[in-house]
Amino acid sequence: MQIFDNISSMQEWSLQMRKQGNSIGLVPTMGYLHEGHLSLVKEAIKNCDKVVVSIFVNPMQFGQGEDFEEYPRDLSRDTSILEKMGVDAVFAPTAREMYPSGFSSSVEVSGEIAEKMCGASRPGHFKGVTTVCTKLFHACLPDLAFYGQKDAQQLLIIEKMVRELNFPLKIIRVPTVREEDGLALSSRNVYLEGAQRQEALVLIKALKQAQKQIRGGERDITRLTASIKEIIATSPQAEIDYVEILNGDDLSELERIEGRVLIALAVKFGNTRLIDNLLVEV
Ligand code: AMP
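With the sequence shown counted from 1, adding 1410 to any position gets you the working numbering.
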């Protein structure tokens, strides 16, 4: 397995692979890999001749006072897992390589899709995400790039960027991988202390309850939102950042439940902010 820390050698390798007729799959990550990331990698291996996994904790997508410094990192563990899986290349650049001094370009998807949910609570976050993904696409030259449904808003924004700016690649959606008890896997789960791990189950409980109510015929968004909040309130440490029920294709507001609906939550347990969502089709 090749490990690249600079953009030009990564690009050169990808160009060569493409010239030889290989399709390239890219799995962008911030590392500290868990089974959620690995399901993206497996999907990439299944669908592409060559697979690149990028590992980069992107400073541009973290705001002031967020967990950029504390974000868990373990590059040697990550690379040894990926090597065993049969990944062809890892792209792990430094922040300086990605953002040399004087760097001042950005790519941004504007409008309500980027302003709601995490866009409202983390200003500048998605501009950091779309900029880094653009750079990763240019460095790794993928035919397919794999993203998790766990970060539903990120996925929709990247899809919109790729579509509107005519990137010559296809985004592949991968379902959320969960612990046996339903907690969505996240690199941030390691921050959960003591009772918080158990209390974090209110996220999936609230989502499932809302899904069940919708399947049972409930169409009223105010009532659904209230019952989600009620379940989250059963956890003494949970502090709601947002509860949103929106159009699952573009995050526009809904009058009532219809079509593809995204139920999305962000909840803080102490300093740990967790997100989760379910897509429901009626
Ligand atoms: P991250 O390292 O958190 O930036 O995540 C890298 C990629 O893995 C993103 O496309 C995420 O949506 C995806 N991902 C993270 N957690 C999960 C999960 N539990 N299931 C599926 N994909 C995930």
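All residues carry an ideal CB built from backbone N, CA and C; glycine is no exception.
Outcome for residue i when other beta-carbon atoms lying within 10 angstroms are tallied against a minimum of 16
i: Asp-1630; result: exposed
i: Gly-1529; result: buried
i: Ile-1519; result: Contrary to the premise, residue 1519 reads as Val rather than Ile in this sequence. By the neighbour-count rule (16 or more Cβ atoms within 10 Å), Val-1519 is buried.
i: Pro-1533; result: exposed
i: Asp-1498; result: buried
i: Phe-1513; result: exposed
i: Thr-1540; result: buried
i: Thr-1644; result: exposed
i: Leu-1602; result: buried
i: Arg-1683; result: buried
i: Gln-1430; result: exposed
Candidates the options: closest to residue i by CA position
i: Leu-1656; options: Val-1461, Val-1690, Ala-1454; result: Val-1690
i: Ala-1648; options: Glu-1640, Lys-1678, Gln-1619, Pro-1533; result: Lys-1678
i: Ile-1685; options: Ala-1636, Ser-1637, Asp-1660, Ile-1642; result: Ile-1642
i: Arg-1696; options: Thr-1439, Asp-1498, Ser-1662; result: The first residue shown for the chain is 1411 and the last is 1692, placing residue 1696 beyond what the model contains.
i: Gly-1604; options: Pro-1646, Ile-1455, Met-1527; result: Pro-1646
i: Lys-1570; options: Val-1671, Val-1612, Ala-1524; result: Ala-1524
i: Glu-1590; options: Leu-1579, Ile-1582, Ile-1614; result: Ile-1614
i: Ser-1418; options: Lys-1537, Ala-1549, Leu-1611; result: Ala-1549
i: Val-1600; options: Leu-1443, Leu-1436, Gly-1435; result: Leu-1443
i: Thr-1553; options: Ile-1455, Arg-1607, Glu-1628, Pro-1469; result: As written in the sequence, residue 1553 is Asp, which differs from the Thr given in the question. The residue with the shortest Cα to Cα distance from Asp-1553 is Ile-1455.
i: Ile-1667; options: Thr-1682, Val-1692, Asp-1659; result: Val-1692
i: Gln-1606; options: Arg-1573, Gly-1680, Ser-1531, Pro-1578; result: Gly-1680
i: Met-1527; options: Gly-1475, Ser-1486, Leu-1566; result: Leu-1566
i: Asn-1432; options: Asn-1576, Cys-1458, Gly-1441; result: Cys-1458
i: Glu-1476; options: Arg-1598, Gly-1592, Gln-1430; result: Arg-1598
Close Cβ partners of residue i (< 6 Å) along its chain, the five nearest in sequence each way excluded
i: Tyr-1481; result: Val-1467
i: Ala-1620; result: Leu-1634, Ile-1638, Ile-1673
i: Leu-1546; result: Pro-1438, Ser-1464
i: Ile-1582; result: Leu-1554, Phe-1556
i: Ile-1436; result: The residue you asked about is not Ile; residue 1436 is Leu in the sequence shown. For Leu-1436, where only same-chain residues beyond five positions count, the Cβ hits under 6 Å are Val-1462, Cys-1550, Pro-1552, Ala-1555.
i: Gly-1669; result: none
i: Leu-1675; result: Leu-1613, Val-1653, Asp-1686
i: Asn-1416; result: Glu-1507
i: Gln-1471; result: His-1535, Gly-1538, Val-1539
i: Thr-1544; result: Val-1517
Sequence-distant residues of the same chain with beta carbon closer than 8 Å to residue i, five excluded per side
i: Gly-1446; result: Gly-1558, Lys-1560, Thr-1586, Val-1587, Ala-1594, Leu-1595, Ser-1596
i: Val-1584; result: Ser-1449, Leu-1450, Glu-1453, Phe-1556, Tyr-1557, Gly-1558, Gln-1559
i: Val-1500; result: Met-1411, Gln-1412, Ile-1413, Phe-1414, Val-1462, Val-1463, Ser-1464, Ile-1465, Asp-1488, Thr-1489, Leu-1492
i: Val-1671; result: Ile-1624, Ile-1655, Leu-1656, Asn-1657, Gly-1658, Leu-1664, Leu-1689, Val-1690, Glu-1691, Val-1692
i: Trp-1423; result: Gln-1412, Phe-1414, Ala-1499
i: Thr-1504; result: Asp-1415
i: Phe-1478; result: Val-1467, Pro-1469, Phe-1472
Other residues of its chain near residue i: CB distance less than 7 Å, five sequence neighbours each side excluded
i: Gln-1623; result: Leu-1634, Ser-1637
i: Lys-1639; result: Ile-1650, Val-1653
i: Met-1427; result: Ile-1434, Lys-1460
i: Gly-1496; result: Ile-1455
i: Glu-1663; result: Leu-1656
i: Leu-1688; result: Leu-1617, Gln-1621, Ile-1673
i: Glu-1522; result: Leu-1661, Ser-1662
i: Lys-1537; result: Ser-1516, Glu-1518
i: Leu-1579; result: Phe-1547, Pro-1552, Asp-1553, Leu-1554, Ala-1555, Val-1572
i: Ser-1531; result: Asp-1651, Tyr-1652, Ala-1676
Considering only residues of the region 1615-1640, which uninterrupted beta strand (DSSP E) runs meet the minimum length of 3 residues and lie entirely inside it, listed in chain order? Secondary structure remark: continuous beta strand (DSSP E) runs of at least 3 residues inside the region 1615-1640: none found.
What are the complete alpha helix (DSSP H) segments, minimum 4 residues, inside the region 1555-1601? For the region 1555-1601, whole alpha helix (DSSP H) runs of length 4 or above, ordered along the chain, are 1562-1574.
Only counting runs of 3 or more residues, tell me where the beta strand (DSSP E) segments fall wholly within the region 1484-1561, in order along the chain. Counting whole runs of 3 or more residues, the region 1484-1561 contains the beta strand (DSSP E) stretches 1499-1501, 1554-1558.
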